[in-house]
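See below for the structure under consideration.
There are 2 protein chains.
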Amino acid sequence: MPFSIKEASEMLGCPAHTIRYYEKEGLLPNITRDEHGNRIFEQKDLNWIKLMTCFRRTGMKVAALKQIVNLALQGESTIPQRKAILEEHQQELHRQQHELNEAFYAVNQKLSIYDEIQKGTLAPDRDLRMDEGKLQ
Amino acid sequence: MPFSIKEASEMLGCPAHTIRYYEKEGLLPNITRDEHGNRIFEQKDLNWIKLMTCFRRTGMKVAALKQIVNLALQGESTIPQRKAILEEHQQELHRQQHELNEAFYAVNQKLSIYDEIQKGTLAPDRDLRMDEGKLQ
DNA sequence: ATTTGACTTAAAGTACGCTTTAATGATTAT
DNA sequence: ATAATCATTAAAGCGTACTTTAAGTCAAAT
Chain A
1 MPFSIKEASE
11 MLGCPAHTIR
21 YYEKEGLLPN
31 ITRDEHGNRI
41 FEQKDLNWIK
51 LMTCFRRTGM
61 KVAALKQIVN
71 LALQGESTIP
81 QRKAILEEHQ
91 QELHRQQHEL
101 NEAFYAVNQK
111 LSIYDEIQKG
121 TLAPDRDLRM
131 DEGKLQ
Chain B
1 MPFSIKEASE
11 MLGCPAHTIR
21 YYEKEGLLPN
31 ITRDEHGNRI
41 FEQKDLNWIK
51 LMTCFRRTGM
61 KVAALKQIVN
71 LALQGESTIP
81 QRKAILEEHQ
91 QELHRQQHEL
101 NEAFYAVNQK
111 LSIYDEIQKG
121 TLAPDRDLRM
131 DEGKLQ
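Heads up: the sequence lines are chains A and B, in that order.
Following the UniProt record's numbering from start to finish, the first sequence increments by one per residue and tops out at 136.
Following the UniProt record's numbering from start to finish, the second sequence increments by one per residue and tops out at 136.
Next up, the structure:
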């Protein structure tokens, strides 16, 4: 059940150096060590790292994650603050969803313009243009 | 119909310095100048900048945008390469959508765990844990 | 025995995308 | 006339998140 940093790294798809970096930054407060000082990862640690990387990949800053951890370590009374941080990230996710939708629209439009040029349906001089007004 | 850099900046919600930086990097090849060397932005320029920032905000690198522009300047024969770049970005958008969905799930779950702790429905010692197995 | 490989640390380096600074010039307002 | 406001450039600086390097410890394999 316990894993080495290499195993953890492989299971998570996350470089061992990055895991050490996260621990140093205070994102992983409960990683124990064996008799040689080597890190031991349990399943719950992997789950926590998964959560951290999930939030990181969607743009939450290391400093914000650190803050959540620090608050959690102070106990239940800090739940309102933690909630506020997560709700802020939820907002950020909504913003990203909006940007993603716009980008999907734009890339699809560009690709179909290319198709039309290649089929000869469209004059070829629109290379550096958007179709006016369609992108908010 | 023509705009100063300040007007463009305000209309786009993008710092003037950033617009200059994009031009210097070759992302905006067709910006003309007035008799004093000041940039003049037309609606089509604004549309193009909008497209560039849309792609940038979703993680496309400045170098990739530059490459698209360079290819477009070489004419219609480069459409296949441009298409390839855009299709790669489309893949990237799908990856981001997946990450966004995971993050939405995780943040919602965390928030409802907080709610349950506050309502007394859940024991309060799960602060640093994910609910096992629910996040892929 | 010694080589191989996994682990440790602290610190320096890198990539990227701006952002700020500094030095200068022109137009408009008072 | 002079100050404020807008513009220009090149270059330096910055923030973030790693990533790499260097130097070392330990245990198993040859």
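Where a beta carbon is used, it is the ideal one built from N, C-alpha and C, also for glycine.
Distance between beta carbons of residue j and residue i, contact taken as under 8 angstroms
| i | j | result |
| --- | --- | --- |
| A/Leu12 | A/Leu65 | Not confirmed; about 15 angstroms, so no contact. |
| A/Met52 | A/Tyr22 | 6 angstroms |
| A/Ser4 | A/Ile19 | So it is not a contact: roughly 11 angstroms between Cβ atoms. |
| A/Tyr114 | B/Ile79 | 5 angstroms |
| B/Gln81 | B/Leu73 | Their Cβ separation, rounded to whole angstroms, is 12 angstroms, which puts B/Gln81 and B/Leu73 out of contact at 8 angstroms. |
Cβ-based neighbour list, residue i, same chain, cut-off 7 angstroms, excluding 5 preceding and 5 following
| i | result |
| --- | --- |
| residue 174 of chain B | Because chain B in this structure spans residues 1 to 136, residue 174 of chain B falls outside the shown range and cannot be described. |
| A/Lys50 | Leu12 |
| B/Gln67 | Ile85 |
| A/Lys44 | none |
| A/Met130 | In this prediction, A/Met130 scores a pLDDT of 48, lower than 50, which makes its location untrustworthy; the coordinate-derived value is nonetheless stated afterwards. Result list for A/Met130: empty, nothing under 7 angstroms. |
Residue i versus residue j: straight-line alpha-carbon distance, rounded
| i | j | result |
| --- | --- | --- |
| B/Asn38 | A/Gly75 | 58 angstroms |
| B/Val69 | A/Thr121 | 22 angstroms |
| A/Lys6 | B/Pro29 | 48 angstroms |
| A/Gly26 | A/Ala16 | 16 angstroms |
| A/Val62 | B/Glu102 | 18 angstroms |
| B/Glu132 | A/Cys54 | Unreliable placement is indicated for B/Glu132, whose pLDDT of 37 sits below 50; the coordinate value is still reported in the next sentence. Answer to the nearest angstrom: the Cα atoms are 15 angstroms apart. |
| A/Asn109 | B/Leu100 | Note that residue 109 of chain A corresponds to Gln in the displayed sequence, not to Asn. Roughly 23 angstroms separates the two Cα atoms. |
| B/Phe104 | B/Glu88 | 24 angstroms |
| A/Lys24 | B/Gln90 | 35 angstroms |
| B/Lys119 | A/Asp34 | 39 angstroms |
| residue 137 of chain B | B/His36 | Since the first and last residues shown for chain B are 1 and 136, residue 137 of chain B lies out of range. |
| B/Cys14 | A/Cys14 | 34 angstroms |
Contact list for residue i against chain B, beta-carbon separation under 8 angstroms
| i | result |
| --- | --- |
| A/Arg57 | Glu99, Ala103 |
| A/Cys54 | Glu99, Glu102, Ala103, Ala106, Leu135 |
| A/Ile93 | According to the sequence provided, residue 93 of chain A is Leu. The question's Ile does not apply to it. What A/Leu93 touches in chain B: Leu100, Ala103, Phe104, Val107. |
Where residue i meets chain A, residues with beta-carbon distance less than 7 angstroms
| i | result |
| --- | --- |
| B/Leu65 | Neighbours of B/Leu65 on chain A: none; closest Cβ ~12 angstroms, over 7 angstroms. |
| B/Ile79 | Tyr114, Ile117, Gln118 |
| B/Leu86 | Val107, Lys110, Leu111 |
Neighbourhood of residue i by C-beta, 8 angstroms cutoff - its chain only, sequence neighbours within 5 removed
| i | result |
| --- | --- |
| A/Pro2 | Ile40, Phe41, Glu42 |
| A/Glu92 | Thr58, Gly59, Met60 |
| B/Gln136 | Only weak support exists for where B/Gln136 lies, its pLDDT of 39 falling under 50; the value from the coordinates is given anyway. The residues are Glu102. |
| A/Lys83 | none |
Neighbour list for residue i in chain B, Cβ cutoff strictly below 7 angstroms
| i | result |
| --- | --- |
| A/Arg82 | Tyr114 |
| A/His17 | Residues of chain B passing the Cβ test: none, with the nearest at roughly 21 angstroms. |
Residues near residue i by beta carbon distance below 6 angstroms, same chain, minus five either side
| i | result |
| --- | --- |
| A/Trp48 | none |
| A/Leu111 | none |
Cross-chain neighbours of residue i in chain A, by beta carbon under 9 angstroms
| i | result |
| --- | --- |
| B/Leu12 | Per Cβ cutoff of 9 angstroms: no residues; B/Leu12 is ~12 angstroms from chain A at best. |
Neighbouring residues, chain A, relative to residue i (Cβ below 8 angstroms)
| i | result |
| --- | --- |
| B/Leu27 | Residues of chain A passing the Cβ test: none, with the nearest at roughly 10 angstroms. |
| B/His89 | Ala103, Val107 |
Three-pair Cβ contact test at 8 angstroms for the segment 82-101 of chain B versus the segment 45-59 of chain A
yes
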